[in-house]
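J.:
Numbering (this note's numbering), first residue to last: 0 to 286.
1. If you count every other CB in all the chains shown that lies within 10 Å of the CB of residue 157, and 16 or more means buried, which is it?
2. The alpha helix (DSSP H) with residue 263 in it runs from where to where?
3. Please give me, in chain order, every unbroken run of the beta strand (DSSP E) with length at least 3 that falls completely inside the region 103-182.
4. In chain order, what are the residue ranges of uninterrupted beta strand (DSSP E) at least 3 long that sit wholly in the region 190-265?
5. For the pair the region 89-107 and the region 245-264, tell me if three or more CB-CB distances fall below 8 Å.
6. So, helix, strand or coil for residue 310, using DSSP?
7. In terms of residues, what are the limits of the beta strand (DSSP E) holding residue 282?
8. How is residue 269 classed by DSSP in three states: helix, strand or coil?
9. Expressed to the nearest angstrom, what Euclidean distance is found between the alpha-carbon atoms of residue 279 and residue 217?
10. To the nearest angstrom, how far is it from the Cα of residue 271 to the Cα of residue 177?
11. Out of curiosity, what's the CA-to-CA distance linking residue 75 and residue 104?
12. Only counting the same chain, and skipping five residues up and downstream in sequence, which positions put a Cβ closer than 6 Å to that of residue 113?
13. How about residue 97 and residue 165: do their beta carbons lie closer than 8 Å?
14. Is DSSP giving residue 0 helix, strand or coil here?
15. Whose C-beta lies closer than 6 Å to the C-beta of residue 152 among residues of the same chain, with five residues either side of it excluded?
16. Considering just the uninterrupted stretch of the alpha helix (DSSP H) at residue 57, what are its terminal residues?
17. Report yes or no: do three or more beta-carbon pairs, one from the region 121-136 and one from the region 54-62, lie closer than 8 Å?
18. Taking just the CA atoms, how far does residue 200 sit from residue 284?
19. Going by other Cβ atoms of all chains shown within 10 Å of its Cβ, with 16 needed for buried, is residue 120 buried or exposed?
20. Should residue 274 go down as buried or exposed, given a rule of 16 or more other Cβ atoms within 10 Å for buried?
21. Please state the DSSP three-state secondary structure of residue 53.
22. Out of curiosity, what's the CA-to-CA distance linking residue 230 and residue 162?
23. Which residues in the same chain have their Cβ closer than 6 Å to the Cβ of residue 106, if we skip the five residues on either side of it in sequence?
24. Measuring straight from C-alpha to C-alpha, what distance separates residue 172 and residue 68?
25. So, helix, strand or coil for residue 276, using DSSP?
26. Where residue 186 and residue 245 are concerned, what is the direct C-alpha to C-alpha distance, given to the nearest angstrom?
27. Run through the DSSP bridge pairs and tell me what residue 80 is partnered with.
28. Measure from the alpha carbon of residue 174 to the alpha carbon of each residue in 53, 276 and 130, then state which is nearest.
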């Protein structure tokens, strides 16, 4: 690695004069046509992901099992038609502010590396055509993701994993609710107020991720998840947080549920059982 870094520094040093001698008349926003050659020559030495690129296998397996186990149990949401290949789960769609293009490219590249570009392109175009024709509902989409082990599953699973990593590396706090309730208890309100008032949270944007457990009526749990998010939004306004600084998703019982592996990644209080962890709203601060 040191040798490679030295080589890059050496190349930049000896080539500095020619680089600075590029056309003075070129606009600052123009892309030098030699950029592609530089990328090709230096490959991963420019923007490669460092040590955090190693995947936590236990965490990934937990997400994999969660995707396979999802069942809508007659919830009308399962019959809803979906419009995008990887946006049916709110956390893997474009609206998730914790994920960016590089995250999506990384996991799409994983599928391409596995079966080749042509197969991925053909498969995704076929999926997009079916979605546009209104042929796929949410329940069918999850079934497909579970069975499409070479293309769709690696991408969805990878993006959920990436989301978990992003939450874990941003300031966050888990707010829990009683069974059937959308009201925060006094302890959680104090925790929330301290979190919002902390220096790390000042001036930040806030993402709310509401969950409902998989015990009981799933449609009720999903709608309860939405009420919990709205409840936290209302409290944030009471604490002086502007509405435009808050976004939220209500997952209900959809993946990823907070398993033991996710709880460990999030550093959640280990006294909370699975039911309590998933009757919750995760509050994340980001910039």
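All C-beta atoms in this analysis are idealised placements derived from N, C-alpha and C, irrespective of residue type, glycine included. Owing to the predicted nature of the structure, the values given are computational and were not obtained by experimental measurement.
T.: By the coordinates alone:
1. As a working mapping, residue 157 is identified with position 158 in the chain shown. Buried, by the Cβ-count rule.
2. Reading the chain shown from its first residue, position 264 is the one you call residue 263. Element bounds for residue 263: 259-265.
3. 171-175
4. 204-210 and 245-251
5. yes
6. Missing from the structure shown is residue 310; the chain here goes from 0 to 286 and no further.
7. Counting from 1 along the chain shown, the entry for residue 282 is found at position 283. 279-285 is the extent of the beta strand (DSSP E) around residue 282.
8. Stepping through the chain shown from its first residue, residue 269 is reached at position 270. Note: residue 269 maps to coil in three-state DSSP.
9. Within the chain shown, residue 279 is the residue found at index 280, counting from 1. Within the chain shown, residue 217 is the residue found at index 218, counting from 1. Computed Cα separation, rounded: 15 Å.
10. Residue mapping note: residue 271 aligns to position 272 of the chain shown, counting from 1. Residue mapping note: residue 177 aligns to position 178 of the chain shown, counting from 1. Cα-Cα distance, rounded: 12 Å.
11. Position 76 of the chain shown holds residue 75. Position 105 of the chain shown holds residue 104. So the two alpha carbons sit approximately 32 Å from each other.
12. Within the chain shown, numbered from 1, the residue matching residue 113 stands at position 114. These residues qualify, in order along the chain: 149.
13. Position 98 of the chain shown holds residue 97. Position 166 of the chain shown holds residue 165. It is a contact, given that the beta carbons lie within the stated cut-off.
14. In the chain shown, the residue the question calls residue 0 occupies position 1. Any reading at residue 0 needs caution, since the residue's pLDDT is 44, under 50, leaving its predicted position unreliable; the model's value is listed next. Residue state, collapsed to three classes: coil.
15. One-based indexing of the chain shown puts residue 152 at position 153. 144.
16. Sequence index remark: in the chain shown, residue 57 carries index 58 (1-based). That run of the alpha helix (DSSP H) goes 56-68.
17. no
18. Sequence index remark: in the chain shown, residue 284 carries index 285 (1-based). Sequence index remark: in the chain shown, residue 200 carries index 201 (1-based). Between residue 284 and residue 200, the C-alpha separation is close to 6 Å.
19. Residue 120 sits at position 121 when you count from the first residue of the chain shown. When all chains shown are included, residue 120 counts as exposed.
20. In the chain shown, residue 274 corresponds to position 275, counting from 1. Residue 274 is exposed by the Cβ-count criterion.
21. Here residue 53 refers to the residue found at position 54 when the chain shown is read from its first residue. It is coil, neither helix nor strand.
22. By one-based count along the chain shown, residue 230 stands at place 231. By one-based count along the chain shown, residue 162 stands at place 163. Answer to the nearest angstrom: the Cα atoms are 23 Å apart.
23. For the purposes of this step, residue 106 is taken as the residue at position 107 of the chain shown. Around residue 106: 154, 157 and 158.
24. Here the question's residue 172 lines up with position 173 in the chain shown. Here the question's residue 68 lines up with position 69 in the chain shown. Approximately 26 Å between the Cα atoms of the pair.
25. Taking the chain shown and counting its residues from 1, one reaches residue 276 at position 277. It is helical.
26. Counting from one through the chain shown, the residue named residue 186 turns up at place 187. Counting from one through the chain shown, the residue named residue 245 turns up at place 246. Answer to the nearest angstrom: the Cα atoms are 22 Å apart.
27. Taking the first residue of the chain shown as 1, we reach residue 80 at position 81. For residue 80, which the question treats as bridged, DSSP gives the partners 136.
28. Working through the chain shown from its first residue, we reach residue 174 at position 175. The residue with the shortest Cα to Cα distance from residue 174 is 276.
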